[in-house]
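In the UniProt record's numbering, the protein residues as written are 1 to 1071. This report concerns only the one structure given below.
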C-alpha cells in the first residue's frame, strides 16, 4: 500500500497489527507502531487496542501497559487485551487488579479470569467469580468443568456438566478428558456414547440401535432425549418422537430454547419446509384516535358494492395506510360510517369485490383477507386469510362474472390466481387441535410454502384457526415476472389476466392455467395501472380486440397513456395528458371515456375516440385510486379523506360541452404543452359533492427522556403529548413549533429505552421486544401509585402488559370459571403450557404482587382502546382491539414471554441494572473517609439515599447494636450491594432523632469546576469539621447534585464517562 503511495487507514493499521501478533512478527509490529504516530491514529481507540493486544501477545507487558495508560479512551476490548496479557504471562495479581478496575465487564472478561484461576488451581476464587457473573455462557461452564477436572475433583466437574443449560462439543470433550485424567474409563465411555453414538446413529437412520444405546444410559438428560427425538423426527417416526417427548415430560425433564429450535418433529421427515430459528416474537400495540370511525392515513384503495343482497344498500369500502378497511353506507346526500375491518397489520394496498358480495383485500403484511360483506350487521369479520406471497401484496384483480377467481400480485415478482371456493371452508378450531392442524401458508414474510390456511381475526370476533386439507390449497402461480408487480387487470369472465410492473412490459396470462400468452413491450418505465375492456366482445376477432389502457411514467415531461390492441399485439394510440406520473385509472361501462389521476394532483377525463381531454379537478395530494359510482367518481389520495366529484359519468359529453378541453398529444407531453401555450387548463369543478373526512395522521414523533411520554406532530401541524402507558393524549398544544416544544419538555433523567415507536400507520405503534422491554424501572412514588410503598420498584413493561391484557384476563377467568363449574374442577389461573414456560431461563420478580391488578398509570382507555399486533403460533400476523378479546383466544397466538410475565409474574433474564461507583470526600475537606471500596446500587437510586448513607456513616457516637437495620449500602470486595436507606413516609430524606444536630450533606460529581448560583466555601474556622458557610470569589465551585437525581442520570448527563462513577461528599452548615 505504501509502495503505491497510498496512506493506510486506521482499519489497515489495526488489521496489520493483529496479523503481526498472530504470527509473532515483532519487528513488523514495532514498525507499524511508528506509523501510528506518523499518520495521527493515536486517538483511535481500536488502533490503540490493537497495539495493546500486539504487545500483550508477545509478552511485552511493560510496553503494553504504557500504551494502555496513554489511551485517551478505553473500551472493554482494551481492558480485555490487558487482562489476557497478564493472565498469559502468569501474573494473576495484576490480572485481578485490572479486572477490578474495569468499568465494564463482558463475558470475555469473566471467562478469562475464571480460566486463569482454574489453571492456577484456585477453584474457590473461580467459583466465586462464576456465581457473580450477571449472565453465564457455555464457555463459562466449560472453564469451570475444565478447572475442576484438572484439579481432580471430577464429581464437581460432573455436577457443573449436568447443570449446564446448553452444551457444545467442547463441553463433551472437556468432560470426557476429565474422566480420562481421573482414570474413570467407564464414565468416559458413557459420556462419549451419550454425546456421539446416539446422535450419529439417529441422524444416519439407524434409529433402533440408537434407541438401544439410549436405553442403556444410566442417566438420561435433555441432551440424550433431544438427540433421540430429533432422530425419530427426521427419519419419519413422528409417533415415536411424540412418545419420547411425553416420557421426557413425565420424568420432569423440560425442553429449553435449543429444543424449541428443532422443527423436525413438526415436519416428520419433510425438512424442505423447515425454517431457520427466528428471534422472539414482538408485541406491538397501536394507539388509536378517539374518533375511530375515521382513517388516519392515506387511502390506497376504493371498492364499491352497488347492491347488498341483505338490505339493498350501496356501500363504499376504503382501504388505508392505517391498516384498516372501513365500510360506508352511501346515500344521495352523503356517506355514513358502517363498520371497520381491522385484520391487516400493515398498509392495505388494494381491495376488490368478488362475486358481488365478497370483499378481498391485500396488504403489505403479505396476506390476502376475505370478508363477507352481505351482512349489514357485520362489524368487519375476516372469514379467511390467504398466505402465499413472500413480500408486499400490491395489487388485486377480480372477475365480476366469475365470483371464484381473484388474482394477486406483489413486490416479489409473484402473481397468483386464487379460486375462492377451492380454499378451505372455515371451521372453528377445537380445543384439542394440534399446532400442526393450524399451520399457516407462510412462516413469516419471505418463507413461502404451498399451504393456505383460513384464519379468522376480526375486531369483534375471536381469533380462530381453520384446519387445512391434507395437502392444503395451492393457488395457480403465473410465473414469468422477474421484478415487482404493481398492476393487474382481468376481464369479467376471468379468462384473461394482464400484469405490469417495474420490468416495463405487460404480460398477458390465461388465469385458468397460469400460462403466459403474450408480452407487450413499448413502455420505458414502470407500469403502475391497468384497465381492461370489461365486455370482451371483440376478443375472438382479429381486429380491435380487448382494449387495455396502460399507464407508464417516463422522463421529466413524458407521461403517456397507451392504448393497445391485443389482436395485433401493438400500441395503437398514445395519450400525453398529465405533467407527472399517472397512478390511477377508471373507465365508464362502454370503455369510451377514461378517467386518470396521479402525482400531478390532477384528475382528467379523456375521450378515447376524439382524443379530447379535460381537467376535472385538482387535489392537494397525489391521487392513488379512483372508483365510479352513479353520476360521480370517488377519489382517494395520500390524505386520510375521500371526496366524490360530480363528473357526469352517465353522459361524459356534458362535461366537454362546458369548454376548456384540449387535444391529448401522441408524443411526449412537451409537445402537448407546446400546443397549449398561453392556455393553462382550468378545472371544471371547484368543490366535491361529498367528502368523507379523516383525521390527521402522525408524521413526526420524539420519545421523551422519561420513557413514558411521546411528543407527536400530525399532518395538520398539531403537536400533542401522548402517555404510552395509558394510550391517551395528555396535552394538545395545538399548532406550535415541534422543536421548541421538545426542548421545553426536556428532562434531565436517564431511563433505559424499553420500547420503540414508529408512525408508519399514521398513528403511534409501540413495539415491545424481549428482553429489552423489561429493562426500565421506576419507583412507585415517581408514578404516584396510591397504596403502594414508595420504594417499590415498578417494571414499566410488565405493568403495561398487564394493562393491555386486563380485559383478556378477565374474560379468560370467566370462561375458565364457567367451564370449571360445569366440570366440577377448579381452574389454576395459570394453565399456560409448560412447553412455552420452559423455553428460556426466567426470573421471578419477588417484589411484584402475584395478582392482575392494574395500577392507574397503566390503565388504557376503553373509549379509544389500542390494538394489539403480533404473530400467531405459526408466524401469521394478527391485529385486534384489546376490548374485543373474549377469552377464547389461543395462548399460542401470543408471545410466550408476554404470557409468562402476565400470568406467572416472571421476567426473562435482563442485563445488569446496577451502577458501580466510588464515594470519596471532597478534596481539601476534613470529613472522614467512609470507604475505600467500590459501591454498587440500582441505577434508579436517588442521590438523597446516598446522602442518607453518608449521614449514617458519619455518626460515630451511636452504638452499632442500637442502629436501625433499614440501613445503608455496604461496600463489598470487589463489588458491594446497596440496600434501602432511611426515608420518610413521603419519600423525602429524614434524619433519625439522634442525627438532627448533625450537619447536612452535599453530594458532588468528580469535583468538576463550575460556578453555581448559590456557592458556599470553606472558612478557616470550619476546616476542622469540614463545614461550609460563606462564599468567596477565589473559590472554585463544584456542581451540587440534586437529591432527586438518580445514579443513572448523574452518569449520563454529568459524569459522561465510561469509567465507574465517582461521587464526592462534603458537610455544609447554615444552609
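Positions of the beta carbon are idealized from the N, C-alpha and C atoms, including for glycine. Everything numeric in this text was worked out from a predicted model, so none of it was measured.
When the options are compared against residue i, the one with the closest alpha-carbon
i	options	result
residue 854	725, 899, 116 and 44	725
residue 528	297, 500 and 509	500
residue 618	588, 644 and 142	644
residue 1072	592, 597 and 588	A query on residue 1072 cannot be resolved here, the shown segment of the chain reaching from 1 to 1071 and no further.
residue 686	603, 513, 229 and 800	603
residue 867	857, 1060, 77 and 878	878
residue 1005	919, 952, 940 and 159	919
residue 305	287, 358 and 339	358
residue 952	935, 940, 941 and 930	930
residue 365	354, 349 and 131	349
residue 381	388, 370, 389 and 387	370
residue 650	660, 632 and 638	632
residue 13	23, 340 and 49	49
residue 941	1045, 899, 935 and 478	1045
residue 1106	574, 356, 886 and 513	This structure leaves residue 1106 out entirely; the chain is present only between 1 and 1071.
residue 638	811, 29, 892 and 296	296
residue 718	809, 923, 585 and 731	731
Residues near residue i by beta carbon distance below 6 Å, same chain, minus five either side
i	result
residue 139	111
residue 752	775 and 776
residue 85	56, 61 and 64
residue 157	145, 148, 149 and 178
Neighbourhood of residue i by C-beta distance below 7 Å, restricted to the same chain and skipping five residues each side
i	result
residue 745	704 and 711
residue 947	989, 1001, 1003 and 1043
residue 104	76 and 1058
residue 928	954
Alpha helix (DSSP H) segment containing residue i, residue limits
i	result
residue 735	First-last for residue 735: undefined, no H or E at that position.
residue 139	138-150
residue 117	107-119
residue 653	653-656
residue 897	896-904
residue 1094	Beyond the ends of the chain as shown, which are 1 and 1071, falls residue 1094; an answer cannot be given.
residue 944	943-953
residue 780	780-783
residue 94	92-101
residue 85	76-88
Through-space distance from residue j to residue i, alpha-carbon basis
i	j	result
residue 621	residue 591	27 Å
residue 538	residue 395	Low confidence applies here, because residue 538 scores a pLDDT of 31, under 50, leaving its location unreliable; read the following figure in that light. Roughly 26 Å between the two C-alpha positions.
residue 246	residue 232	14 Å
residue 691	residue 943	58 Å
residue 411	residue 15	41 Å
residue 299	residue 414	24 Å
residue 318	residue 284	24 Å
residue 884	residue 805	11 Å
residue 159	residue 325	59 Å
residue 625	residue 713	26 Å
residue 497	residue 907	53 Å
residue 628	residue 408	22 Å
residue 303	residue 749	50 Å
residue 475	residue 228	37 Å
residue 1077	residue 758	The structure shown does not extend to residue 1077, since the chain is modelled only from 1 through 1071, so no value can be given for it.
residue 386	residue 360	10 Å
residue 513	residue 392	24 Å
residue 869	residue 893	10 Å
residue 1067	residue 949	13 Å
Residues near residue i in its chain [Cβ-Cβ closer than 8 Å; skip 5 each side]
i	result
residue 422	404 and 473
residue 858	725, 726, 799, 800, 802 and 803
residue 655	605, 614, 616, 647, 648 and 684
Range covered by the beta strand (DSSP E) that runs through residue i
i	result
residue 507	505-510
residue 624	623-629
Per DSSP, cross-strand counterpart(s) of residue i
i	result
residue 331	334
residue 358	354 and 372
residue 858	Answer by DSSP bridge pairing: none, since residue 858 is not bridged.
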